[in-house]
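Below is one structure, written out as structure tokens, with a few remarks after it.
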Amino acid sequence: MTIGTIMLLIVGILFSTAILGQIINTQHQITSKLTVANETVDISGSRLADGSGSINESYQFNVSNAYTGWRVLESQCTFGNFLVSNSSNDSLTVTTDYIVSTGYGNFTLKNNTDTITISNTSYVSYNYCDEGYNKDSSARGIARLWSLFAVLIILGFVALGLKNEWFK
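My numbering numbers the first residue of the sequence shown as 43 and each following residue consecutively.
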């Protein structure tokens, strides 16, 4: 095996491996919903000014990845596994303690003993479609094959380099 062939294989494998990471990241972004765990929300703005700690039920909180554009109306892109918890990570109860708009990614707290007594720091966990998410399931299926084909191309490159060297 010549030095030129060895160098070509090393450079080719390193270059391919670097690109493979980007391919896999992009594939994941357009085929999977992303998960956010324990996003911090300050609820002090929803407290009434009377000093009782009561909650203004019309005060709306938006998560940092709130939807705009096409994702608002896309049924496959509703916010999933939406969970609000207090600073001790005790979960509040949906519809009893808070109301969620899964199309937009916002929520309002209900005025009850669970929400009045919690601290001003709360946490929200959810999953959502990133801006590049592919809403067509057949296209997502094809995109899942990208990394497989990239690996096959890398293996083909190595095999071709070795074949040309061994079978001169």
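Note that beta-carbon positions come from the ideal geometry of N, C-alpha and C, so glycine has one too.
Annotation for Val78: the continuous beta strand (DSSP E) segment containing it runs 76-84. With contact defined as three or more Cβ pairs closer than 8 Å, the stretch 116-130 and the stretch 155-174 are in contact.
Under the three-state reduction of DSSP, Asn107 is assigned to coil, being neither helix nor strand. Using a C-beta cut-off of 8 Å, the stretch 163-177 makes contact with the stretch 76-93, since at least three inter-stretch Cβ pairs fall below that distance. For Gly95, there is no enclosing alpha helix (DSSP H), as DSSP marks it with neither H nor E. For Val114, there is no enclosing beta strand (DSSP E), since its DSSP letter is neither H nor E.
Taking a 10 Å sphere around the C-beta of Phe191, we find fewer than 16 other C-beta atoms and assign the residue as exposed.
Cβ-Cβ distances below 7 Å link Arg113 to Cys119, Cys171 in the same chain, with the five nearest sequence neighbours on each side left out; the list follows chain order. Pairing Lys152 with Ile160 gives a Cβ-Cβ distance that is not under 8 Å. Between Thr150 and Glu116, the C-beta spacing is not below 8 Å.
Nearest to Phe121 by alpha-carbon distance, out of Val193, Asp92, Ser74, Gly87, is Ser74.
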